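Trainee:
Residue numbers (this note's numbering): 1 to 301.
Dropping the structure here:
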């Protein structure tokens with residue numbers, strides 16, 4: 001049990017640092033956005049296809065649910081990656097932390113699910129924490145942070161990405177009865193992302209020459225991005241969900257926020273610079289942890 005708890009924590013750590021690594025590769029390493037998705041997903045598609053070859057059956061490819069899931073993942077991947085290009089990774093992860101609220105709202109609207117208690121209060125408190133967090137400057141390695149039109153684009157993309165993630169989670173929750181193997185779902189997602197990103201990269205005339213100018217540090221960040229997050233965090237999350245259940249794994253969601261803050265400081269120099277910002281970050285961490293645990297208790301009852 002302890003081993004799978006640590007696996008769940010490692011998975012949340014990986015997804016927490018995802019926007020930090022994505023921003024580094026796009027802003028510091030200056031890699032074209034779509035090329036990152038292509039180079040990340042194509043090798044993994046081959047690897048997962050080989051490992052899960054015994055599950056490759058035509059009947060699964062005919063499942064509309066499978067391709068709806070894949071579409072949600074593609075939209076999530078594109079918007080999440082681009083959001084980190086335009087605004088601070090801290091903000092991207094902050095918005096991602098609001099996913100439980102979006103799941104509750106969309107679940108009630110489209111699947112007639114009961115809204116967990118205290119949702120309104122949790123949203124208000126989280127919004128207050130976000131206001132405190134954004135009330136001062138966030139230092140960056142290159143220059144002090146000032147809110148720009150690019151940040152508006154990035155935050156809009158991050159909100160879109162959060163909504164696509166919520167839709168994906170709801171689809172997964174309501175598609176269990178279709179009996180799709182986890183390996184097939186993961187493979188379909190990788191293939192769809194690979195094809196979509198390849199087409200977009202060609203349409204945008206991206207310069208792939210930047211890949212030949214990467215430093216060892218850049219390659220290190222890229223390898224962590226691919227094997228630590230896209231493959232590692234995914235695999236650990238699937239395993240932890242199967243052994244511990246969604247309720248237990250979800251209860252650690254707020255850890256992503258902490259890992260994002262630490263990684264953003266170390267890699268990008270994005271730092272909280274005032275007591276109000278630290279207070280806002282603490283409020284968000286406590287509220288998300290409390291809200292998810294309350295939701296878990298409600299579901300079990």
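Even for Gly, the Cβ is constructed at its ideal location relative to N, Cα and C. Being a predicted model, the structure only gives us computed values, none of them experimental.
Please work out which residues of its chain come closer than 6 Å, Cβ to Cβ, to residue 192, disregarding the five sequence neighbours upstream and downstream, and give them in chain order.
Mentor: Walking along the chain shown from the start, residue 192 turns up at place 192. The residues are 70, 74.
Trainee: Let's see if you can read the secondary structure: which residues bound the alpha helix (DSSP H) around residue 16?
Mentor: Here residue 16 corresponds to residue number 16 of the chain shown, with the count starting at 1. From DSSP, the alpha helix (DSSP H) with residue 16 extends over 2-23.
Trainee: Output the boundary residues of the alpha helix (DSSP H) element that contains residue 218.
Mentor: Stepping through the chain shown from its first residue, residue 218 is reached at position 218. That run of the alpha helix (DSSP H) goes 216-223.
Trainee: Please work out which residues of its chain come closer than 6 Å, Cβ to Cβ, to residue 131, disregarding the five sequence neighbours upstream and downstream, and give them in chain order.
Mentor: For the purposes of this step, residue 131 is taken as the residue at position 131 of the chain shown. The answer is none, since no qualifying residue turns up.
Trainee: Report the rounded CA-to-CA distance for residue 275 versus residue 135, giving the unit in angstroms.
Mentor: Stepping through the chain shown from its first residue, residue 275 is reached at position 275. Stepping through the chain shown from its first residue, residue 135 is reached at position 135. Whole-angstrom Cα-Cα distance: 10 Å.
Trainee: How should residue 203 be labelled, buried or exposed, when 16 other C-beta atoms within 10 angstroms of its C-beta is the threshold for buried?
Mentor: The residue given as residue 203 occupies position 203 in the chain shown. The residue in question, residue 203, is exposed, as its Cβ has fewer than 16 Cβ neighbours within 10 Å.
Trainee: Can you tell me where the alpha helix (DSSP H) holding residue 85 begins and where it ends?
Mentor: One-based indexing of the chain shown puts residue 85 at position 85. Note, residue 85: alpha helix (DSSP H), 64-86.
Trainee: Relative to the C-alpha of residue 109, which candidate in 186, 216, 170, 281 has its C-alpha closest?
Mentor: The count along the chain shown starts at 1 and reaches residue 109 at position 109. Per the Cα distances, 170.
Trainee: Using the Cα positions of residue 294 and residue 273, report the straight-line distance between them to the nearest angstrom.
Mentor: Position 294 of the chain shown, counting from 1, holds the residue named residue 294. Position 273 of the chain shown, counting from 1, holds the residue named residue 273. Taking the straight line from one Cα to the other gives about 32 Å.
Trainee: With H, G and I counted as helix, E and B as strand and the rest as coil, what does DSSP make of residue 271?
Mentor: Locating residue 271 in the chain shown gives position 271, where the first residue counts as 1. Strand.
Trainee: Give the DSSP-derived three-state secondary structure of residue 31 in the structure shown.
Mentor: Mapped onto the chain shown, residue 31 falls at position 31. Note: residue 31 maps to coil in three-state DSSP.
Trainee: May I ask which residues mark the beginning and end of the alpha helix (DSSP H) holding residue 304?
Mentor: Outside the displayed range of the chain (1 to 301) lies residue 304, so it cannot be described from this structure.
Trainee: Please name the residue, chosen from 89, 257, 44, that lies closest to residue 13 on a Cα-to-Cα basis.
Mentor: As a working note, residue 13 is residue 13 in the chain shown. The residue with the shortest Cα to Cα distance from residue 13 is 257.
Trainee: Per DSSP, what kind of secondary structure is residue 127 in: helix, strand or coil?
Mentor: As a working mapping, residue 127 is identified with position 127 in the chain shown. The answer is helix: DSSP assigns residue 127 an H, G or I state.
Trainee: Take residue 221 as the anchor and find which of 4, 94, 36 has the nearest alpha-carbon.
Mentor: Working through the chain shown from its first residue, we reach residue 221 at position 221. Looking at the Cα atoms, 36 is the closest of the given residues.
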